[in-house]
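In what follows, a single structure is set out as structure tokens and then discussed.
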Amino acid sequence: MAMEMQVTAGEVPVSPFSRLFSLPGFDCFNIVTIGFKNESNPSAFIKGLKNTLINHPRFSSILETGHGEQKAKWIPTKVKVEDHVVVPDIDPTIENPDQFLEDYTSNMVFSPIDISKPLWEIHILKLKTSNAESLAVARFHHSLGDGMSLMSLLLACSRKTSDPEALPTLLAPKKSNVTNVFLSLVARLWFIVRLMFHTLVEVFKFLLIACSSRDASAPLMSKPSATLSPNKFIHRVISLDDVKFVKNAMNMTVNDVIIGMVQAGLSRYLSEKYDSETNPKPRKSLEKICLHGVVFFNLRSNKKIEDLAKLMEKGSMPRSWGNSIGFALIPLWMKIEVDIFEYIRRAKTIMDRKKLSFEPLFSYVLLKLTVEVFGLKALRSLAMRIFGRSTIILSNVAGPTEEISLFDHQVSYVAASISGVPQALIIHVESYVNKAIINLGVDVDVIPDPHHLCDLIVEALHIMMNSTAEAKGSADLNV
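At position 51 of the sequence shown the residue is numbered 843 (our numbering), and the sequence of numbers has no breaks.
Set out below in structure tokens:
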């Protein structure tokens, strides 16, 4: 029996960033692929959505964008879950299920979505691939929330596989071990000095890039008029333990290693492209390449999954929900290095400066003030100017460290990406238990061989692991 829910809450204004993601040229969607270890049961999935997801006000409201400078708003509506769940008829004897999944996910980007209903849909695929027995592919409009919000929502709807009544947990941030009051005071003062210095430097660089002219001849640069550049989505499941092996050996972070892998793989990819062309000095040309990436930062404080689950039961929404994100522009190290670890060192140097600055907060405030003071046209122009001068979007979200079950479906992996941005390459990394899922969204007109690029990124990790193991072996022999 179809079950409907009437939300009685009043209309809610749309936040500036949610409005940005619904503007022409930035009509962004989150594309999330969830692999399951067991065969899918659409009925159980629909029942689970009725008890969880539609209790969230954003997923039971229509986005009314308004006209011109009118303020957009969320309008509560009746939700019939069956209208948001698609179960396609798939041939079980299909020859290449992995290729079918890629094509299906890519085609979802261009399929129309009914704006008279809440802007989300979930496709249940009875398809066995190399990494899953069945799948769910979800499309959420980015105005509903950012990656961290959606991950929190996924966990709030899930339960631990080891304990079906318990909610999953995320890793808690490490706390400082400094107990001496004097040392703590000195450390705080030194932190403030460094914070102000790096903020001045990084914000100046941010504005310099934003005010510069767009280099249309730069490699991997999409067309200026592109609105739905990523039209091919692929993902690769690798071992998170392999990433941590390199991370622990170099005393860095998982994020540093991932950005180092991307820079190493992308450098080799571009080098091969130049070598294949009639260029007498390909290596010199590669060294002249200046590419910038956009890295997103979560600006909200850490919230417990239990709090979100309780609020959903009451049909209310936490204040931290939505698109509470800032971003920073980072230069990408596009060089052919003999020392593979140089890519990680460069990534750490850059990211340490970004983390120790208010650049992400500055970008958030800049866009917010622009829309409030100058309106939507100015917001779109500024956003296109900033994002149009970058080549890649880099993003990662930490997932649960223990296996979870979603509506009686044991999760194997989670892969996510976005569509509707002007960049020709989006690299998103998701962690799940002991796995890291690399998801590439590409414009095939710019990157016609995304599988090869992904191979090079993964191969860079293997080279780092082998070099680390050899270095440890040499150290043990010397001892």
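Backbone N, C-alpha and C fix where the C-beta goes; we use that ideal spot for every residue, glycine too.
Pair within 8 angstroms by beta-carbon distance, residue i and residue j
i	j	result
residue 1133	residue 1053	no
residue 1185	residue 1213	yes
residue 1208	residue 823	yes
residue 1091	residue 1118	yes
residue 879	residue 849	no
residue 1180	residue 1224	no
residue 1238	residue 1012	yes
residue 739	residue 864	A query on residue 739 cannot be resolved here, the shown segment of the chain reaching from 793 to 1271 and no further.
residue 1195	residue 1203	yes
residue 934	residue 1229	no
residue 1249	residue 1057	yes
residue 931	residue 1025	no
residue 945	residue 828	no
residue 1050	residue 1157	no
residue 1136	residue 1042	yes
residue 901	residue 1023	yes
residue 936	residue 1172	no
C-alpha distance - residue i paired with residue j, whole-angstrom precision
i	j	result
residue 1018	residue 905	Note that residue 1018 scores a pLDDT of 47, beneath 50, so its modelled location is shaky; the value from the coordinates is reported in the next line. Cα-Cα distance, rounded: 20 angstroms.
residue 1127	residue 1045	22 angstroms
residue 831	residue 949	19 angstroms
residue 1241	residue 1217	12 angstroms
residue 1215	residue 1177	12 angstroms
residue 920	residue 1199	19 angstroms
residue 974	residue 980	10 angstroms
residue 992	residue 1139	20 angstroms
residue 1048	residue 1124	13 angstroms
residue 918	residue 882	7 angstroms
residue 985	residue 825	43 angstroms
residue 854	residue 866	6 angstroms
residue 1262	residue 1231	30 angstroms
residue 856	residue 912	15 angstroms
residue 876	residue 1116	26 angstroms
residue 925	residue 1129	40 angstroms
residue 1272	residue 1182	Residue 1272 lies beyond the range of the chain shown here (793 to 1271); nothing can be said about it.
residue 999	residue 1065	31 angstroms
residue 1187	residue 1210	10 angstroms
residue 1001	residue 1251	32 angstroms
residue 916	residue 884	14 angstroms
residue 1170	residue 1003	15 angstroms
residue 982	residue 1160	30 angstroms
Own chain, CB closer than 6 angstroms to residue i, minus 5 neighbours either side, in chain order
i	result
residue 1174	1162
residue 844	949
residue 1122	1085, 1087, 1142
residue 978	none
residue 957	none
residue 813	820, 934, 935
residue 1039	1046, 1049
Cutoff 8 angstroms; reference residue i; Cβ partners in own chain excluding five residues on either side
i	result
residue 1227	1029, 1030, 1031, 1032, 1205
residue 995	1149, 1150, 1151, 1154
residue 1055	1124, 1125, 1126, 1135, 1138, 1139
residue 1081	1010, 1011, 1062, 1126
residue 987	1148, 1149, 1150
Same chain, Cβ closer than 7 angstroms to residue i, five either side skipped, listed in chain order
i	result
residue 1037	1257, 1260
residue 990	1145, 1148, 1149
residue 1034	1253, 1257
residue 943	1189, 1191
residue 960	947, 950, 952, 1097, 1192, 1194, 1196
residue 886	892
residue 922	890
residue 1089	1117, 1118, 1119, 1120, 1152
residue 1234	1022, 1024, 1216, 1217, 1242
residue 898	1023, 1024, 1025
Residue-level contact to chain D via CB, residue i, 8 angstroms cutoff
i	result
residue 1002	You won't find chain D in this structure, because it holds only one protein chain.
Every unbroken alpha helix (DSSP H) within the stretch 1156-1242, with a cutoff of 4 residues, ordered by chain | 1168-1179
Would you call the stretch 829-849 and the stretch 886-895 in contact, with 3 or more CB pairs under 8 angstroms?
-> no
Evaluate contact between the stretch 1045-1064 and the stretch 1241-1249, counting only Cβ atoms and requiring at least three cross-stretch pairs below 8 angstroms.
-> yes
Report the residue ranges of all beta strand (DSSP E) runs contained in full by the stretch 1116-1155; include only those spanning at least 3 residues, in chain order.
-> 1117-1124
Entirely enclosed beta strand (DSSP E) segments - the stretch 840-920, minimum 3 residues | 853-856, 865-868, 912-917
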